[in-house]
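Residue numbers (mature numbering (1 follows the signal peptide of the UniProt record, and there is no 0)): -19 to -1, 1 to 133. Just so it is clear, CB atoms sit at the ideal spot from N, CA and C, and this is done for glycine as well. Structure first, then comments.
Right, here's the structure in full:
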């Protein structure tokens, strides 16, 4: 045991030195804080919007929601949920399933969720309440969203 302890400590120190050898890999690619930020190009903006509305992104968001629900079930947090957690989960669910809607979500500690904003059509408006109620802990959904067709 007396020989093993110094060996473990020295191994840990050698590993630490090797891991910290190249300290700053991101500083070359990081933006200069002294320069004024430039607006993204239209092509970059459109690519980001398509990514946010893609089927892959929708599946990722739904998977994240399911994982969060499973964690809450394990920890016993499925009965009383924090309002911020409820609002976040409902917002993610709505963003995944109503990608072109501009919705705001507020939640209270008693499980009441209020959804406001705009959607593009009646079908999206009708989806808000059932999608919101899929989140565990949501008891009541108040829909204050309106239908506003997109401008062409």
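| Item | Value |
| --- | --- |
| Backbone CA spacing between residue 115 and residue 24 [nearest angstrom] | 35 Å |
| Pairwise C-alpha distance: residue 103 and residue 51 | 32 Å |
| Proximity of residue 93 and residue 121 at Cβ, strictly below 7 Å | yes |
| Which listed residue (118, 128, -12, 39) has its alpha carbon closest to that of residue 91 | 118 |
| Of the residues 35, 89, -11, the one placed nearest residue 80, counting alpha carbons only | 35 |
| Buried or exposed by the 16-neighbour rule on C-beta atoms within 10 Å, applied to residue -8 | exposed |
| Backbone CA spacing between residue 113 and residue -11 [nearest angstrom] | 53 Å |
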